[in-house]
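Below is one structure, written out as structure tokens; the observations come after it.
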Amino acid sequence: EASISDYFGFLRSVRFDITKRSKPTEGTRVVSFRVCQEAPENQCSETRFASIEFFLVNHPPVVRLDPDGSSSGRQPEYAGSFREGDAPAYVADVDVDVSDFDGPILQWAEARFAIAFEDDALTVELAELADTALAVDTEVDAAGFPVVRFTGPGTLEEFERALRALRFSTPRVDPRPD
Numbered sequence: 008e009a010s011i012s013d014y015f016g017f018l019r020s021v022r023f024d025i026t027k028r029s030k031p032t033e034g035t036r037v038v039s040f041r042v043c044q045e046a047p048e049n050q051c052s053e054t055r056f057a058s059i060e061f062f063l064v065n066h067p068p069v070v071r072l073d074p075d076g077s078s079s080g081r082q083p084e085y086a087g088s089f090r091e092g093d094a095p096a097y098v099a100d101v102d103v104d105v106s107d108f109d110g111p112i113l114q115w116a117e118a119r120f121a122i123a124f125e126d127d128a129l130t131v132e133l134a135e136l137a138d139t140a141l142a143v144d145t146e147v148d149a150a151g152f153p154v155v156r157f158t159g160p161g162t163l164e165e166f167e168r169a170l171r172a173l174r175f176s177t178p179r180v181d182p183r184p185d
């Protein structure tokens with residue numbers, strides 16, 4: 008037989024949570040409570056209600072180009088190198104990580120130069136994306152530099168693979184600016 012303090016403890020332990028099984032919608036949730044006794048006549052308390060106002064929060068996805076800092080020592084950045092005449096260089100580390108608190112599917116990702124010189128190129132090793140549903144589009148921005156866009160929908164893992172497939176190169180013999 009439970010005591011009054013047991014009932015209070017139970018009521019204080021009730022928590023509200025949303026599962027990821029479906030996309031939640033904003034609005035009010037209502038939880039009803041009653042306590043009942045078994046003897047002598049199965050009497051119950053009046054029903055009481057707790058209202059919970061639920062607001063959606065859209066957390067942006069997170070990309071870490073080098074989560075363990077192995078390339079640069081500065082998590083989550085990536086530092087690679089390119090020597091003239093070399094094959095195109097990776098733009099993200101092998102352990103690149105893409106995450107999204109809101110779900111496992113993303114719509115698109117984009118790579119563009121923040122600093123670049125004439126003839127610098129971003130390319131994609133398409134063979135590394137052969138079994139994904141991602142589309143790859145390239146364009147040139149207003150400054151004349153390439154932009155690569157991966158379009159889904161696709162899984163987080165597919166977008167990680169897409170970022171690992173990006174390469175930097177330049178045809179210049181001397182990659183320094185004139």
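All residue numbers for the sequence shown refer to the working numbering, where the first residue is 8 and numbers rise by one.
We put the beta carbon where it would ideally sit given N, CA and C, even for glycine.
Going straight from the alpha carbon of residue i to that of residue j, what length do you get?
i	j	result
T32	R19	26 angstroms
F62	F166	28 angstroms
D148	A121	11 angstroms
P160	I112	6 angstroms
P67	A94	34 angstroms
V154	G16	58 angstroms
R119	R179	19 angstroms
When burial is assigned at 16 or more other CB atoms within 10 Å of the CB, is residue i buried or exposed?
i	result
S39	exposed
A137	exposed
D24	exposed
S10	exposed
L133	exposed
F157	buried
P105	This sequence places Val at residue 105; Pro is not what is there. Looking at its Cβ environment, which holds 16 or more other Cβ atoms inside 10 Å, V105 is buried.
When the Cα of residue i is compared with those of the options, which residue comes out closest?
i	options	result
D107	V101, W115 and D100	W115
I59	E53, D93, R22 and D148	R22
D75	P67, F17 and A86	A86
D102	R119, T145 and R71	R71
R55	G151, E132, D93 and V37	V37
T130	F124, T139, D144 and A140	D144
F89	L163, N65, D127 and A140	D127
Between residue i and the rest of its own chain, which residues show a CB-CB distance below 7 angstroms, the 5 nearest in sequence each way excluded?
i	result
S78	Y85, A86, G87 and D100
Y14	V42
Using a Cβ-Cβ cut-off of 8 angstroms (strictly less than) and excluding sequence neighbours within five positions of residue i, which residues of its own chain qualify?
i	result
A172	V131, E132, L133, E135 and L136
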